[in-house]
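>
Numbering (the numbering used here), first residue to last: 460 to 591.
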């Protein structure tokens, strides 16, 4: 940590994980904080943080690919289906079994009853700060 980061007035549960300029749009950092791996993502200039743990079978979720997903529309009358690739850069996919999560909300796209636990994160004085 740089000298400037050491001078930030942080509480005991707050941790600097990167300089803000290191976590540009589309980037992520995974930090070990108090024995817990936390993934921090910059998506369209907004920061999001989640535990590096998939609710499906405990895989390292935050190490997975960030991309988009396919949405489908089915017409019951004509029995046709239209597929559309969407949400590029917003969907986090678990590297173990491919479960998809909306990285901006934590919502699981595979199981409606499943949601990632969001962790508070912010930019402060040029640093990315996570609160556990």
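All C-beta atoms in this analysis are idealised placements derived from N, C-alpha and C, irrespective of residue type, glycine included.
Given this structure, state the Cα-to-Cα distance separating residue 488 from residue 538, to the nearest angstrom.
For residue 488 and residue 538, the distance between alpha carbons rounds to 44 Å.
> On a CA-only basis, which of 476, 502, 495, 541 is nearest residue 588? Give me that one, please.
Nearest C-alpha to residue 588: 476.
> Answer yes if the stretch 511 to 528 comes into contact with the stretch 550 to 567, meaning at least three C-beta pairs across the two stretches below 8 Å, and no otherwise.
Taking 8 Å as the limit for Cβ pairs, the verdict is that the stretch 511 to 528 does touch the stretch 550 to 567.
> By a C-beta neighbour count over all protein chains shown, 10 Å radius and 16 as the cutoff for buried, is residue 493 buried or exposed?
That one is exposed.
> Within 10 angstroms of the Cβ of residue 547, are there 16 or more other Cβ atoms? Answer buried if so, exposed if not.
By the 10 Å Cβ count, residue 547 comes out exposed.
> Over what stretch of residues does the beta strand (DSSP E) that includes residue 538 continue unbroken?
Residue 538 -> no beta strand (DSSP E), and no H or E assigned at all.
> To which residues of the same chain is residue 582 closer than 8 Å at the C-beta, ignoring the five residues directly before and after it?
Counting only Cβ-Cβ distances below 8 Å, and skipping sequence neighbours, we find 479, 506, 588.
> Suppose contacts are defined by Cβ-Cβ distances below 8 Å. Is residue 568 in contact with residue 474 by that definition?
No; because the gap between Cβ atoms is not below 8 Å, this pair is not in contact.
> Is residue 521 buried or exposed, if buried means 16 or more other CB atoms sit within 10 Å of its CB?
So residue 521 ends up on the buried side.
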